[in-house]
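To start, the structure under review is shown below, and the notes come after it.
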Amino acid sequence: MATTTDAAPIEVAESIQVDGAEHEIVDIGTGGDVILEVLFENTRACTKSIPNETIQKLRNSKLPFPSARVFYRVRLDTLKKHSKYFEHLLGSDTFGEGRAISARFAELSLSSKDPSELPAGELPRIQITDEDDATRTIGREAVFKDMLRIIHGTTHSSKSITLLYISILVVMADRYDCMTLIARYVAGKFSSFKYPPTLDKTLEEVVRQKILIFYHTNQALRLSAATKELILRGSSRWSIYEETDSDFLAAWWDLPEGLEDELSYRRQRIILTISSLQTHFLSLYTSRTRQCKLGYDSSAACDSFQLGEMVKFMTRRDLLSLMPYQAVPPDDPEFIWPEAYTGDIELLIGLLRECPSYQIDKNHGHCGLRNKLLPALSYIKDCIDGGIGIKSQFWKTERSSQTWIPSPSTNNSNKKAFVVGGKAVGDDRPEKFFDFKSLNREDLTSGGRSLGVDKAARKLFLADKWDWIREVETEKEKERMSKSSYFRF
Numbered sequence: 001m002a003t004t005t006d007a008a009p010i011e012v013a014e015s016i017q018v019d020g021a022e023h024e025i026v027d028i029g030t031g032g033d034v035i036l037e038v039l040f041e042n043t044r045a046c047t048k049s050i051p052n053e054t055i056q057k058l059r060n061s062k063l064p065f066p067s068a069r070v071f072y073r074v075r076l077d078t079l080k081k082h083s084k085y086f087e088h089l090l091g092s093d094t095f096g097e098g099r100a101i102s103a104r105f106a107e108l109s110l111s112s113k114d115p116s117e118l119p120a121g122e123l124p125r126i127q128i129t130d131e132d133d134a135t136r137t138i139g140r141e142a143v144f145k146d147m148l149r150i151i152h153g154t155t156h157s158s159k160s161i162t163l164l165y166i167s168i169l170v171v172m173a174d175r176y177d178c179m180t181l182i183a184r185y186v187a188g189k190f191s192s193f194k195y196p197p198t199l200d201k202t203l204e205e206v207v208r209q210k211i212l213i214f215y216h217t218n219q220a221l222r223l224s225a226a227t228k229e230l231i232l233r234g235s236s237r238w239s240i241y242e243e244t245d246s247d248f249l250a251a252w253w254d255l256p257e258g259l260e261d262e263l264s265y266r267r268q269r270i271i272l273t274i275s276s277l278q279t280h281f282l283s284l285y286t287s288r289t290r291q292c293k294l295g296y297d298s299s300a301a302c303d304s305f306q307l308g309e310m311v312k313f314m315t316r317r318d319l320l321s322l323m324p325y326q327a328v329p330p331d332d333p334e335f336i337w338p339e340a341y342t343g344d345i346e347l348l349i350g351l352l353r354e355c356p357s358y359q360i361d362k363n364h365g366h367c368g369l370r371n372k373l374l375p376a377l378s379y380i381k382d383c384i385d386g387g388i389g390i391k392s393q394f395w396k397t398e399r400s401s402q403t404w405i406p407s408p409s410t411n412n413s414n415k416k417a418f419v420v421g422g423k424a425v426g427d428d429r430p431e432k433f434f435d436f437k438s439l440n441r442e443d444l445t446s447g448g449r450s451l452g453v454d455k456a457a458r459k460l461f462l463a464d465k466w467d468w469i470r471e472v473e474t475e476k477e478k479e480r481m482s483k484s485s486y487f488r489f
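Just so we're aligned, residue 1 is where the sequence shown starts under full-length UniProt numbering, counting upward by one.
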């Protein structure tokens, strides 16, 4: 017995003839009344591709990277409504594109033709160029298509959603000024997306892409965590020894709206604060003031012993460089100048925590650096944990009160400061002083939460000078602190 089936009609993609060649039309939604022709320029400066394997095949071919020319059928009113870029370009007679559309629509109106029902070849066509400088990625036309689909009220069509895909979508939304709609879509549709962890410092680009996404899409908690991570790990872009690399030209390598400078400055201030511990205690033990308060005959020897062990510990951990007193020209190839610390801040704190509990004899159990260092390191760590990440909404609306970078007007005096007796004279700017012993017990054990973690962090890391001495006055308190897991003695 024969059976018959009704075959579904096969949809034939619309095409357009341009410059003697036939090009397929990418239909975005329904009712499209203009053709948006986009030339996606690709150069050998591109470092990535969608899909991922395309870039390697192109590199192996040794041929110039091909550019993509794509024709999208879109609704003009929808495009102008959600994109300020297209509203400015096409919504008036300021630019030739806008004038050409108005003229073509006037012609169609005279002949009573509905543009949304006409074949692509009869519609006005706008040409724009999308350069590869912001993303350095081949294949971004698929992301551009999804951006247009989102603008037109439909969902994305790409099956594989990666961190690079979302990064490019956000970069394009920023460039074509439709961030409000795209940010809402990313935060909603991709809310369950598993952002890749960054367990290795070589994955700095991943951290930066996440920061860019979280900032533009208002994901506050994730932004705070990601910016904190970059501050702690550091960046190859912040080193004075790094030269500009073509790999560092994508948008996420220069974070927007002052974030790049802010994160770099916060890292500098945190490292300066931590280094002040070393400077402070070395200054104390090299001064004439006796640090051992026990009053034994061995107290003077105790100070000398502690100083020697302190220097030995720090030099072995590459935290202290002993410089010769003779003059050495900076360009002397035989002399190795110490470099600034570029490693992980948490690793630096961990190195300092390894300071042993040295004592010259059994009577000097609390005289060493360790007893003074660990409470300070614990407080610094707590301020780092809660107070150094960027708060998205505040940064966008109250940046002047959020930034750590001093305002140029902070010291607008024309007078030049000079030093007399170790003090700056002629500088009217009030000096910020952090006194560790001024913290009450609640501040010390809660990381400054009574003050507010943000304010506590600013007070600590933006100080000009630090006094890290916190005297333990009673034997009972000594015993309690020695048993405390918080101080990790």
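By construction, the Cβ of each residue, glycine as well, lies at the ideal position given by its N, Cα and C atoms.
By how many angstroms is the C-alpha of Arg399 removed from the C-alpha of Phe305? When rounded, the distance between both Cα atoms is 49 Å.
Can we say the region 382 to 389 touches the region 221 to 232, given the rule of at least three CB pairs closer than 8 Å? yes
Within the region 335 to 386, note down every full alpha helix (DSSP H) run reaching 4 residues or more, in order along the chain. 345 to 353
Among the candidates Gly96, Glu117 and Pro124, whose CA atom is the shortest distance from the CA of Glu107? Taking Glu107 as reference, the option from Gly96, Glu117 and Pro124 with the minimal CA-CA separation is Pro124.
Which of the three DSSP states is assigned to Thr54 in this structure? helix
Option nearest residue 521 by Cα separation, candidates Ala183, Ser191 and Ile166: Any question about residue 521 goes unanswered here, given that the chain covers just 1 to 489.
Just the C-alpha distance for Ile151 and Ile101, rounded to the nearest angstrom, thanks. Whole-angstrom Cα-Cα distance: 20 Å.
Less than 8 Å separating the beta-carbons of Thr54 and Ile128? no
Ile345 vs Leu259 beta-carbon contact at 8 Å: no
Mind checking which residues open and close the alpha helix (DSSP H) that includes Lys194? That residue, Lys194, is in no alpha helix (DSSP H); it is neither H nor E in DSSP.
Could you check if Phe433 is buried or exposed, using at least 16 other CB atoms within 10 Å of its CB as the buried criterion? Phe433 comes out exposed.
Determine the DSSP secondary structure at Arg149, reduced to helix, strand or coil. helix
Limits of the unbroken alpha helix (DSSP H) element including Trp395: Ser392 to Thr397
Starting from the C-beta of Ser264, find all residues in its chain whose C-beta is less than 6 Å away, skip the five residues before and the five after it, and write them out in chain order. Trp238
In the DSSP assignment, what are the bridge partners of His23? Residue pairing from DSSP places His23 in a beta bridge opposite Ile16.
Going by other Cβ atoms of all chains shown within 10 Å of its Cβ, with 16 needed for buried, is Glu204 buried or exposed? buried
What does the Cβ neighbour count give for Lys483, buried or exposed, with the cut at 16 atoms within 10 Å? At Lys483, the pLDDT of 47 sits below 50, so the modelled position is not reliable; the number obtained from the coordinates is stated separately. Exposed is the call here.
How long is the line joining the alpha carbons of Ala187 and Ile213, rounded to whole angstroms? Rounded to whole angstroms, Ala187 to Ile213 spans 10 Å at the Cα level.
Reducing DSSP to helix, strand and coil, say where Arg69 ends up. strand
Within the chosen definition, does the region 462 to 470 reach the region 260 to 279 through at least 3 CB pairs nearer than 8 Å? Two segments are said to touch when three or more pairs of C-beta atoms, one from each, lie closer than 8 Å; by this definition the region 462 to 470 touches the region 260 to 279.
Should Gly121 and Gly29 be called a contact, given that it needs their Cβ atoms to be closer than 8 Å? no
Would you list the one or two residues that DSSP bridges to Glu37? Phe71 and Gln127
Straight-line CA distance for Trp395 to Gln402? 6 Å
Residues near Leu181 by beta carbon distance below 6 Å, same chain, minus five either side: By the criterion of a C-beta distance shorter than 6 Å, Leu181 is surrounded in its chain by His82, once the five residues flanking it on both sides are discounted.
For Thr397, count the other beta carbons within 10 Å of its own beta carbon; 16 or more makes it buried, fewer makes it exposed. Which is it? exposed
Please report the straight-line C-alpha distance between Ile469 and Glu339, rounded to a whole angstrom. One C-alpha to the other measures close to 28 Å.
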